[in-house]
Amino acid sequence: MTTKRTNGGGGASDQRPVRARKSAAKPGGRAAKPAKTPGAFPSREDILAFVAENPGKAGKREVARHFGIVGAARIQLKRILKDLAEEGVVEKRQKRLIRPGDLPPVFVVYLNARDAHGELLGEPVNWDEEAGAPPKVLVLTGRDTPRGATPGIGDRALVRLADLDPGPEAAHAARVLKLLERQQGAILGILRERAGHMPPYLEPIDRKQRELDIDTSDLKEAVDGDLVSVEITRIGRYGAPKARIVRRFGSLKSEMAVSEIALQSHGIPHVFPAAVELEAERAQPVTLGKREDWRKIPFITIDPADAKDHDDAVYAEADEDPANEGGHVVFVAIADVAHYVRPGTALDREAHLRGNSVYFPDRVIPMLPERISNDLCSLKEGVDRPSMAVRMVFDKTGRKIAHTFHRVLIRSAAKLSYSQAQAAIDGQTDDKTGPLLEPILKPLWAAYACLTLGRDAREPLDLDLPERKIKLKADGTVDYVFIPDRLDAHKLIEECMIQANVSAAETLEKRKVPLLYRIHDASSPEKLQSLKDFLSTLSMKLPSSGGLRPATFNGILAKVKDTPQAHLVNEVILRSQAQAEYAPENIGHFGLNLRRYAHFTSPIRRYADLIVHRGLIRALGFGSDGLPEEIDGKLAAIGAEVSAAERRAMLAERDTIDRLIALWMSERVGARFTGRIAGVVKSGMFIKLDDTGADGFIPASTIGHDYYRYDEASHALIGERTGETHQLGDKVEVELVEAAPFAGALRFALLSEGRITAKGARRKGGSSGPGGRSSPARKGGFTPGRRGKR
133 MTTKRTNGGG
143 GASDQRPVRA
153 RKSAAKPGGR
163 AAKPAKTPGA
173 FPSREDILAF
183 VAENPGKAGK
193 REVARHFGIV
203 GAARIQLKRI
213 LKDLAEEGVV
223 EKRQKRLIRP
233 GDLPPVFVVY
243 LNARDAHGEL
253 LGEPVNWDEE
263 AGAPPKVLVL
273 TGRDTPRGAT
283 PGIGDRALVR
293 LADLDPGPEA
303 AHAARVLKLL
313 ERQQGAILGI
323 LRERAGHMPP
333 YLEPIDRKQR
343 ELDIDTSDLK
353 EAVDGDLVSV
363 EITRIGRYGA
373 PKARIVRRFG
383 SLKSEMAVSE
393 IALQSHGIPH
403 VFPAAVELEA
413 ERAQPVTLGK
423 REDWRKIPFI
433 TIDPADAKDH
443 DDAVYAEADE
453 DPANEGGHVV
463 FVAIADVAHY
473 VRPGTALDRE
483 AHLRGNSVYF
493 PDRVIPMLPE
503 RISNDLCSLK
513 EGVDRPSMAV
523 RMVFDKTGRK
533 IAHTFHRVLI
543 RSAAKLSYSQ
553 AQAAIDGQTD
563 DKTGPLLEPI
573 LKPLWAAYAC
583 LTLGRDAREP
593 LDLDLPERKI
603 KLKADGTVDY
613 VFIPDRLDAH
623 KLIEECMIQA
633 NVSAAETLEK
643 RKVPLLYRIH
653 DASSPEKLQS
663 LKDFLSTLSM
673 KLPSSGGLRP
683 ATFNGILAKV
693 KDTPQAHLVN
703 EVILRSQAQA
713 EYAPENIGHF
723 GLNLRRYAHF
733 TSPIRRYADL
743 IVHRGLIRAL
753 GFGSDGLPEE
763 IDGKLAAIGA
773 EVSAAERRAM
783 LAERDTIDRL
793 IALWMSERVG
803 ARFTGRIAGV
813 VKSGMFIKLD
823 DTGADGFIPA
833 STIGHDYYRY
843 DEASHALIGE
853 RTGETHQLGD
863 KVEVELVEAA
873 PFAGALRFAL
883 LSEGRITAKG
893 ARRKGGSSGP
903 GGRSSPARKG
913 GFTPGRRGKR
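Quick note on numbering: the numbering used here labels position 102 of the sequence shown as 234, and the sequence is numbered without any gaps.
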């Protein structure tokens, strides 16, 4: 059987070659079914062929059913699958087996090229960088493509793997299920003046685009060096195309300009369609109606001082039940977004498209319009607001023994910041927190102390990686970079939200209503082996067999606490972890050490939480605005979409911080700093500065007067002649040589000497060369686009 490929417009192409179905296994593709003798136990090759034939669908149960393995023979199958995983031949994800580099059946793809026949090529968006370069995917369109869903270059689409030969330019073929977003029409770039009477031109941010002459009739007050967006007005036969300025964002050094670059480069929707804004403006406040009246419960919100929306409120009290002596009752109320954002509406479609809000240092790109997120669904102090609430009962050990969900109307008694609430508990009350201390704050902290006992008994992964923050000046440029304090107030809210999320997952499971779990798989064998190799350089070990639990990693972290290696070991363990995601099939949450977990507490900013709210409404009969049954079969696709949107937001936020810091550091070229080696690769070393957490790179070719070889096991560069060693975690002194703000990259020169390790000394082999550095490091060429990130 053959299937014709189609052109980008969806019609059949008589000039294109016919693609046959695959007949043999190809990395990530499907394979012919293995032949097997009835009653015979399958070979390793048979099992691998079946996994290849069913990427993302084959688990231990499916393998056993396919080969007819029953009874005691399942023990042998389990042993073979374990051996294959330890050898790195297969990986286990969400209780399903795949080969390293395979793709799931449904995923999100970013379209960035065309093949020789004009067909679209793309890359998976939610790709684990540890698995290497993302594979090329041939994206096919045709009669079965949904109307209006034919994508183009720069678009993102939800696709399903197809059993077709992708040709020589791609590793996989896929068909479009849904177009998620189209490339923005405006082009972003920097206005550049020319000498004489020549018109100014646009230097595009995207280096693949051409320079554009600018129409000078309306420059929007833009000057040389400003970031602007333009629209092409004409394309001439000769010379550069003409364009007019649509919007001026200001100096490239401002946060507004830098975050705009991230929005454009990652294709993040940030302008609400008129229909969405109109629907939001027409929404009205909620009255009590059939809701439970909880307005007398003195809920409070505790958020960052600059928070504009407040989607969660908390209250706690000692349990008066004699049977639960020492126990506590905790109430968590969450904004009832589902009341305003109904399935199938313009608001719902836009929230689904965006997936989540995106947070930059000085602004937020919200998932929902401000009328909803900052007004009607914000739990404002002293204002009636609809909520989905959970009442949870904990015993004196912090174990949750009961919970119930309610659709209510609340009235927040107070809005506090984290620092304000913490100061009150620490004895520094103000006019607002003074009256709240005894009746509200102290019972909350008593409940938190109880919940902490339960958390400690559960032993979740306890990484200590402070998050760097940027303080901006009034003009939007960087004032300074700092690491905020981690307060008990933060941990209190975090633990209350975790318990509310667990309760939501438990309720939906019990009522047999589909949901999107927040899942976190255990580390892959490849990542664990890399971690083992690294820890061996610190004379530390991971167990060589048996299932690892978060407590295993916590033991390692405890050993290095308060040592120079503490931050480094935290970073490396974080890198060894799988990425959390959303899926309708539950595998638990490894990092939190929870059997079931779902995001329920932030429906203002996460679409996955809105899905869970709708599920609770349907499960508990709270109204007609619950999860429609026709959505049940689409949850896998929705999970893939919102997981991709989350990763996209994280990259945009990280890129913005990197660019802002590079802009700020560009004024300090020539300055000296102290830091640590945060990463080692063949081409050089990544450095993280002590005072700001800024990342930069030192090319290996610029280190001293030796040739440095990369030793993978010890994560070090070792001088071939001198034996001088620079290893992951070493403290260094560097000089800032160059800053590339566009790329968010810094380049350093190494000033400090390396160490002579045992391995380095053996390599040195009696060389007469110097053991250190007698002159400053050479300042070699800068690699454009290289980031201080791994």
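Even for Gly, the Cβ is constructed at its ideal location relative to N, Cα and C. From a predicted model like this one, the values you see are computed outputs, not experimental measurements.
Residue i burial status per 10 Å Cβ neighbour count (16 or more: buried)
i	result
GLY876	buried
PRO256	buried
PRO571	exposed
ALA306	buried
SER155	With a pLDDT of 41 at SER155, under the threshold of 50, the predicted position of this residue should be treated as unreliable, though the coordinate-derived value follows. SER155 comes out exposed.
VAL774	buried
GLU778	buried
SER510	buried
GLN396	buried
ILE179	buried
GLU452	exposed
ILE615	exposed
THR854	buried
ALA772	buried
LYS564	exposed
SER668	exposed
HIS745	buried
ASP345	buried
SER655	buried
VAL355	exposed
THR348	exposed
MET330	exposed
ILE319	buried
LEU706	exposed
Nearest-angstrom Cβ-Cβ length linking residue i and residue j, presumed shorter than 8 Å
i	j	result
LEU748	ALA636	6 Å
ILE819	ILE602	So it is not a contact: roughly 19 Å between Cβ atoms.
LEU604	PRO493	6 Å
ILE1003	VAL613	Limits of the chain in this structure are 133 at one end and 922 at the other, which puts residue 1003 out of reach.
PHE352	ALA302	The question names Phe, yet the displayed sequence has Lys at residue 352. That belief does not hold up - the Cβ atoms of LYS352 and ALA302 are roughly 42 Å apart, past 8 Å.
PRO501	ALA412	4 Å
ASP620	GLN554	6 Å
ALA394	ALA784	4 Å
LEU235	ALA245	Incorrect: roughly 18 Å between the Cβ atoms, too far for contact.
ARG887	THR857	5 Å
ILE497	ILE364	About 25 Å; that fails the 8 Å criterion.
Residues that residue i bridges to, as DSSP identifies them
i	result
SER798	Paired residues: none, contrary to the question.
VAL360	GLY321, ARG380
SER549	ASP435
LYS532	PHE526
LYS603	TYR612
HIS538	ALA521
PRO336	GLY321
TYR242	GLU255, ARG288
PHE685	Partner(s): none; PHE685 has no beta bridge.
ASN488	ARG738
* Jot down the residue ranges of each uninterrupted beta strand (DSSP E) in the region 798-875, minimum 3 residues, whole runs only, in chain order. => 804-813, 816-821, 827-831, 840-843, 848-851, 856-859, 863-872
* Asked: Of all the beta strand (DSSP E) runs that stay within the bounds of the region 609-679, which reach a length of 3 or more residues?
  -> 610-614, 649-651
* Using 8 Å as the Cβ pair cut-off and three pairs as the minimum, do the region 644-662 and the region 727-739 touch? -> yes
* To do: Please list the segments of the beta strand (DSSP E) lying wholly inside the region 405-482, counting only runs of 3 or more residues, in order along the chain.
  => 432-435, 444-450, 460-467
* Taking one C-beta from the region 658-668 and one from the region 758-767 each time, how about it: are there three or more such pairs within less than 8 Å? -> no
* Asked: Taking contact to mean at least 3 C-beta pairs separated by less than 8 Å, is the region 405-421 in contact with the region 519-538?
  -> no
* Meets three-Cβ-pair contact criterion under 8 Å: the region 476-489 and the region 379-395 -> no
* To do: Spell out a yes or no on whether the region 502-516 and the region 468-481 are touching, meaning 3 or more CB-CB pairs, one atom from each, closer than 8 Å.
  => yes
* beta strand (DSSP E) segments (min. 3 residues) lying fully within the region 254-313 -> 269-272, 288-293, 304-313
* To do: Kindly confirm or deny that the region 622-632 and the region 681-698 touch, where touching means at least three C-beta pairs closer than 8 Å.
  => no
* Stretch-stretch touch, CB-based, cutoff 8 Å, three pairs: the region 274-285 with the region 241-249 -> yes
* To do: Check whether the region 429-437 touches the region 498-505, counting contact only when three or more Cβ pairs, one atom from each stretch, lie closer than 8 Å.
  => no
* Is the region 861-869 in contact with the region 805-818, if contact means three or more CB pairs nearer than 8 Å? -> yes
* To do: With a floor of 3 residues, list each beta strand (DSSP E) that falls wholly inside the region 698-776, ordered by position along the chain.
  => 713-715
* Asked: Enumerated in chain order, which unbroken segments of the alpha helix (DSSP H) with a length of 4 residues or greater are wholly contained in the region 568-598?
  -> 574-590
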